[in-house]
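Shown next, in structure tokens, is the structure this report addresses.
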Amino acid sequence: MVPAPALGNVVDWFKTMTTNEYIRGVGTQGWAPFPGRLWQRGYYERIIRDDDELNRVRSYITANPSRWATDRENRDRTDDIFGGERP
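Under the numbering used here, the first residue of the sequence shown carries the number 23, and numbering increases by one thereafter.
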């Protein structure tokens, strides 16, 4: 029996395939190009052990896009938490 791929390999494959598809869409569908990387480096792996934790993760996922304006990874953010300098 062939062993299942490691989760990190699956995530890497997913990021590669979706990036390539997006690049094709930029060229053929007129999608907006992205500067730099489409995906942030790495990912956070976590085991969800119960319904309470699952609900916290769901809430985080739902609310996270609204935090993008102040995210330190967002070079276009509107706040100035670093005194004008970006990490």
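Quick reminder that beta carbons are idealized off the backbone N, C-alpha and C, glycines included.
Using the C-alpha atoms, what's the distance from residue j back to residue i?
i	j	result
ASP98	THR92	9 Å
ASP74	THR84	15 Å
SER81	ARG94	20 Å
TRP61	VAL32	14 Å
ASN86	VAL79	10 Å
Between residue i and residue j, how many whole angstroms is the CB-CB distance? I'm expecting something under 8 Å.
i	j	result
TYR65	TRP53	Between TRP53 and TYR65 the Cβ distance is about 23 Å, and since that is not below 8 Å, they are no contact.
LEU76	ILE70	5 Å
VAL48	PRO57	With a Cβ gap of about 12 Å, VAL48 and PRO57 do not count as contacting.
Pick out whichever of the options has its Cα sitting closest to the Cα of residue i.
i	options	result
ALA28	GLU67, ASN96 and ARG78	GLU67
THR40	VAL24, ARG59 and ASN96	ARG59
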